[in-house]
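For what it's worth, the working numbering labels the leading residue of the sequence shown as 15, then goes sequentially. I have placed the structure first, in the form of structure tokens, so that the comments after it can refer back to it.
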Amino acid sequence: MSLFYSVEMAPHDPILGLNETFNADQRPEKVNLGVGVYYDAAGKLPLLRAVQAAEEARVAEHAPRGYLPIDGLAPYDNAVQKLLFGQDSALLGSGRLITTQAIGGTGALKLGADFLYRLLDKRLVAISDPSWENHRSLFEAAGYEVVTYPYYDPETKGLNLAGMLQGLEALPEGSVVLLHACCHNPSGVDLEPRHWEAVASLAEKQGFLCFVDMAYQGFSADLDSDAFGPRLLARRLPEMILATSCSKNFGLYRERIGAVSLIGHSAEQTRATFSQLLSAIRNVYSMPPAHGAVLVREILEDAELRAQWLQELADMRGRINHYRSAMVQALREAGVQRDFGFIERQRGMFSFLGITPEQVERLKTEHAIYMVGSSRMNIAGLSEANLGHFVQSLKQVLQG
Ligand code: LMR
Numbered sequence: 015m016s017l018f019y020s021v022e023m024a025p026h027d028p029i030l031g032l033n034e035t036f037n038a039d040q041r042p043e044k045v046n047l048g049v050g051v052y053y054d055a056a057g058k059l060p061l062l063r064a065v066q067a068a069e070e071a072r073v074a075e076h077a078p079r080g081y082l083p084i085d086g087l088a089p090y091d092n093a094v095q096k097l098l099f100g101q102d103s104a105l106l107g108s109g110r111l112i113t114t115q116a117i118g119g120t121g122a123l124k125l126g127a128d129f130l131y132r133l134l135d136k137r138l139v140a141i142s143d144p145s146w147e148n149h150r151s152l153f154e155a156a157g158y159e160v161v162t163y164p165y166y167d168p169e170t171k172g173l174n175l176a177g178m179l180q181g182l183e184a185l186p187e188g189s190v191v192l193l194h195a196c197c198h199n200p201s202g203v204d205l206e207p208r209h210w211e212a213v214a215s216l217a218e219k220q221g222f223l224c225f226v227d228m229a230y231q232g233f234s235a236d237l238d239s240d241a242f243g244p245r246l247l248a249r250r251l252p253e254m255i256l257a258t259s260c261s262k263n264f265g266l267y268r269e270r271i272g273a274v275s276l277i278g279h280s281a282e283q284t285r286a287t288f289s290q291l292l293s294a295i296r297n298v299y300s301m302p303p304a305h306g307a308v309l310v311r312e313i314l315e316d317a318e319l320r321a322q323w324l325q326e327l328a329d330m331r332g333r334i335n336h337y338r339s340a341m342v343q344a345l346r347e348a349g350v351q352r353d354f355g356f357i358e359r360q361r362g363m364f365s366f367l368g369i370t371p372e373q374v375e376r377l378k379t380e381h382a383i384y385m386v387g388s389s390r391m392n393i394a395g396l397s398e399a400n401l402g403h404f405v406q407s408l409k410q411v412l413q414g
């Protein structure tokens, strides 16, 4: 008897599967607005100059390749803490904050999910409606019941604040609430400071644990403003957990470099809790690879490389924001009646176009323009070379 005999094909991943179809598409005019990767003005994924310099220095070192500790490279973990909470944060050195290197943002979420599973009585996680395509399945695969709280309002193309707060208020005590720190994926609609205050007050009152996913620090306004939410939660709440990623802001996608940070009531409790996280890591991959961590640490700690990186990050952010406006203007100039002005108000790589799945499919089959079925588009995929094609194609599809 063969165990694998009757196994059915797993469904294609809605984001990564789309990317495979895009790569196989032979049409020269094809445009990839699917997977969340930053493309430059030439439509290419850049290697940041700061990364290149750090990499050259690392290769020249010819360092031996022993195992890292379970929690990775300690100077990387410390540098990440400063990036997340600011150089002057009272949390640094308090013992209440501990960070471990993780394998990308997804790996960080998975570690957080696995480790919390061991501690929680009620394995219930609430994610925003909508949320990143992988959030639900990641937590379900880790054994959680996943529910949603209202978030995006398709009418206003903004936040459904009242719905969100009501949804959070209705959660049973001991739930986990997953929050996007900035550049909400997929809607581009973020919480404002007063909204974060309201979430913190509810967390205090209801006793839910905030689990913050921060994959785009620096892609909305700047490193500090983008971390406003987690910093506020960390000031007001006794405990929280963060999953972070350096894929986007360092352009280190394939190096899979991320982190999990824990904040606890006291140094002693945090150390004990962290030991459970280390044990969860040991059961999955023992210890992380070093390359991405070495590069990020070098860039963050070297004044010249850091300045260069900050400029490159600002350039990436600026190009995305430029295309948010350029796209809206080009659609108006092309005589498209529907108002897409909301795209300019949103931030980060993604926005929902708000078109139907059939229209998304037509963009793909008739015009070689790829975006996720929900009509999430990656604004960073637009460029001078493809904006005209995108606008004319969308216009045609909207005309029916
Ligand atoms: C995305 O949302 O497109 C990225 O975060 C890539 C991924 O893993 O889905």
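Beta carbons: idealized from backbone N, C-alpha and C, even for Gly.
Whether residue i touches residue j by CB criterion (8 Å)
{"i": "G119", "j": "S261", "result": "yes"}
{"i": "T284", "j": "G109", "result": "yes"}
{"i": "L133", "j": "Q290", "result": "yes"}
{"i": "N263", "j": "Q231", "result": "yes"}
{"i": "F222", "j": "V191", "result": "yes"}
{"i": "G14", "j": "T258", "result": "Residue 14 is absent from the structure shown; the chain starts at 15 and stops at 414."}
{"i": "L138", "j": "E159", "result": "yes"}
{"i": "A248", "j": "F99", "result": "yes"}
{"i": "D39", "j": "A348", "result": "no"}
{"i": "I84", "j": "M330", "result": "no"}
{"i": "V350", "j": "R72", "result": "no"}
{"i": "S397", "j": "S201", "result": "no"}
{"i": "G368", "j": "P144", "result": "no"}
{"i": "K171", "j": "F404", "result": "no"}
{"i": "V310", "j": "Y165", "result": "no"}
{"i": "L105", "j": "K96", "result": "no"}
{"i": "R333", "j": "G306", "result": "no"}
{"i": "G243", "j": "W210", "result": "yes"}
{"i": "A93", "j": "E372", "result": "no"}
{"i": "G80", "j": "A399", "result": "no"}
{"i": "A340", "j": "L251", "result": "no"}
{"i": "L47", "j": "N392", "result": "yes"}
{"i": "I295", "j": "L125", "result": "yes"}
{"i": "R352", "j": "L412", "result": "yes"}
Sequence-distant residues of its chain with Cβ nearer than 7 Å to residue i (five each side left out)
{"i": "S234", "result": "C196, C197, D204, D240, R361 and G362"}
{"i": "G31", "result": "none"}
{"i": "I141", "result": "H149, R150, V160, T162 and L192"}
{"i": "V374", "result": "M385, G387 and S389"}
{"i": "L319", "result": "A64, A67, A68, E312 and I313"}
Best match in the options for proximity to residue i [C-alpha to C-alpha]
{"i": "V49", "options": "R249, S388 and L408", "result": "S388"}
{"i": "I29", "options": "K409, L216 and V51", "result": "V51"}
{"i": "A67", "options": "S397, I393 and I313", "result": "I313"}
{"i": "V274", "options": "K44, A88, Q413 and D167", "result": "A88"}
{"i": "I255", "options": "F225, V161 and M301", "result": "F225"}
{"i": "A8", "options": "A122, L408, V405 and A394", "result": "For residue 8 there is no data in the structure shown, the boundaries of the chain being 15 and 414."}
{"i": "Q343", "options": "I334, A104, R333 and E358", "result": "E358"}
{"i": "V298", "options": "A116, Q406 and M385", "result": "A116"}
{"i": "Q406", "options": "N392, L319 and E380", "result": "E380"}
{"i": "A127", "options": "E147, A156 and T113", "result": "A156"}
{"i": "S215", "options": "L246, M23 and D227", "result": "L246"}
{"i": "H26", "options": "F18, R296, T35 and V411", "result": "T35"}
{"i": "L123", "options": "D227, M178 and D102", "result": "D227"}
{"i": "G86", "options": "A304, S293, L237 and S20", "result": "A304"}
{"i": "I131", "options": "S293, A229 and W146", "result": "Correcting the residue type first, residue 131 is Tyr in the shown sequence and not Ile. Closest option to Y131, Cα to Cα, is S293."}
Nonlocal neighbours in the same chain, by C-beta distance under 8 Å from residue i, ignoring five residues either side
{"i": "A281", "result": "S108, G109 and R110"}
{"i": "L175", "result": "H209 and A212"}
{"i": "L266", "result": "V65, C260, G306, L309 and V310"}
{"i": "Q135", "result": "What sits at residue 135 in the sequence shown is Asp, not Gln. Correct list, in chain order: G188."}
Cut-off 6 Å between Cβ atoms - residues of its own chain near residue i, not counting five sequence neighbours on either side
{"i": "K44", "result": "A382"}
{"i": "G177", "result": "P164"}
**Prompt:** Three or more C-beta pairs closer than 8 Å, one from the region 55-68 and one from the region 311-326: is that the case here?
**Reply:** In short, these stretches touch, since the Cβ pair count reaches three.
**Prompt:** Which residues count as close to ligand 1 when the rule is a CB under 5 Å from any of its heavy atoms, in chain order?
**Reply:** Every residue passing the under-5 Å Cβ criterion appears here: I29, V49 and G50.
**Message:** Contact between the region 179-190 and the region 202-220 is defined here as three or more beta-carbon pairs at a separation below 8 Å; is this criterion met?
**Reply:** These segments touch.
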